[in-house]
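First the structure, in the form of structure tokens, and then the observations on it.
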Amino acid sequence: RKEVEQDPGPFNVPEGATVAFNCTYSNSASQSFFWYRQDCRKEPKLLMSVYSSGNEDGRFTAQLNRASQYISLLIRDSKLSDSATYLCVVSLQVNNAGNMLTFGGGTRLMVKP
Amino acid sequence: GAVVSQHPSWVICKSGTSVKIECRSLDFQATTMFWYRQFPKQSLMLMATSNEGSKATYEQGVEKDKFLINHASLTLSTLTVTSAHPEDSSFYICSARPRNQPQHFGDGTRLSIL
Numbered sequence: 002r003k004e005v006e007q008d009p010g011p012f013n014v015p016e017g018a019t020v021a022f023n024c025t026y027s028n029s030a031s032q033s034f035f036w037y038r039q040d041c042r043k044e045p046k047l048l049m050s051v052y053s054s055g056n057e058d059g060r061f062t063a064q065l066n067r068a069s070q071y072i073s074l075l076i077r078d079s080k081l082s083d084s085a086t087y088l089c090v091v092s093l094q095v096n097n098a099g100n101m102l103t104f105g106g107g108t109r110l111m112v113k114p
Numbered sequence: 167g168a169v170v171s172q173h174p175s176w177v178i179c180k181s182g183t184s185v186k187i188e189c190r191s192l193d194f195q196a197t198t199m200f201w202y203r204q205f206p207k208q209s210l211m212l213m214a215t216s217n218e219g220s221k222a223t224y225e226q227g228v229e230k231d232k233f234l235i236n237h238a239s240l241t242l243s244t245l246t247v248t249s250a251h252p253e254d255s256s257f258y259i260c261s262a263r264p265r266n267q268p269q270h271f272g273d274g275t276r277l278s279i280l
């Protein structure tokens, strides 16, 4: 079983649609949770952190359920520019200076006109 | 602006060549850096944790003699792919975390071995 599991997609949605991605993680000691966005042939870029209380950043809403070890990302009013691979990332602190990140396989989103 | 700089961004070389990739933290000291590898259509996989002044910690299945890591200063870690072969062709990315900030990634190095 993978440590961080995501539906690989692709999710093909029209502009303006609402789309939701899910992610589950296996290590209950995981401390921090993130969604990263990766464009083709580029490095991942942080989209948002995920908190148990849920957090929203514009059209993006992230949610964490520690009991179920489940993370979600909701994108409202999809834009063409949202097309990318979305990586669910779980973090475990290695030492005072660094966190080890474990990446899900990514969910590919394609927003079409 | 970029907080982690990686160089080179693209390397094409013959089989058997050794390739060095640099990862620098800009404007902050990084006692720990991480090296990842990403094959096409797959996610990033942690290769090793680079520790300043000590040996790197390698993930299971990653050959330490094949992928040499040197973290000689607080702002520089290098990954050397020794005697690279076509199966080593991949996207290599480093990351580091400034204090009280999330992990930042370098731009990545696309390695193609012919």
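Here the protein sequences line up with chains A and B, keeping their order.
First residue of the first sequence? That's 2 in my numbering, and the numbers climb one at a time after it.
First residue of the second sequence? That's 167 in my numbering, and the numbers climb one at a time after it.
Here a beta-carbon is modelled for each residue, glycine too, at the ideal position from N, C-alpha and C.
Computed from a predicted model, the values in this text were never measured in an experiment.
Could you tell me the distance, in whole angstroms, from the CA atom of residue i to the CA atom of residue j?
i              : j              : result
residue 101(A) : residue 94(A)  : 6 Å
residue 10(A)  : residue 270(B) : 26 Å
residue 225(B) : residue 216(B) : 11 Å
residue 143(B) : residue 62(A)  : Absent from the structure is residue 143(B), since the part of chain B shown begins at 167 and ends at 280.
residue 233(B) : residue 78(A)  : 44 Å
residue 268(B) : residue 3(A)   : 23 Å
residue 259(B) : residue 16(A)  : 32 Å
residue 195(B) : residue 240(B) : 5 Å
residue 169(B) : residue 191(B) : 6 Å
residue 104(A) : residue 262(B) : 15 Å
residue 46(A)  : residue 89(A)  : 12 Å
Helix or strand or just coil, what does DSSP make of residue i?
i              : result
residue 58(A)  : strand
residue 81(A)  : helix
residue 185(B) : strand
residue 197(B) : coil
residue 28(A)  : coil
residue 91(A)  : strand
residue 180(B) : coil
residue 190(B) : strand
residue 276(B) : strand
residue 169(B) : coil
residue 73(A)  : strand
residue 21(A)  : strand
Use the C-beta contact count for residue i: other C-beta atoms within 10 angstroms, 16 or more gives buried, fewer gives exposed.
i              : result
residue 41(A)  : exposed
residue 82(A)  : exposed
residue 19(A)  : exposed
residue 176(B) : exposed
residue 205(B) : exposed
residue 67(A)  : exposed
residue 238(B) : exposed
residue 44(A)  : buried
*Along the chain, which unbroken stretches of the alpha helix (DSSP H) at least 4 residues long are found entirely within the segment 227-271 of chain B?*
You should have found no qualifying run.
*Contact list for the segment 174-201 of chain B against chain A, Cβ threshold 9 Å*: 195, 196, 197, 198, 199 and 200
*asked:* If the cut-off is 9 Å on Cβ atoms, which residues from the segment 234-265 of chain B count as contacting chain A, listed in chain order?
replied: So the close ones are 257, 259, 261, 262, 263 and 265.
*Near-chain B residues of the segment 15-36 of chain A (beta-carbon distance less than 9 Å), N- to C-terminal order*: 33 and 35
*Which of the residues in the segment 40-61 of chain A, read from start to end, lie with their CB under 9 Å from any CB of chain B?*
42, 43, 44, 45, 46, 47 and 50
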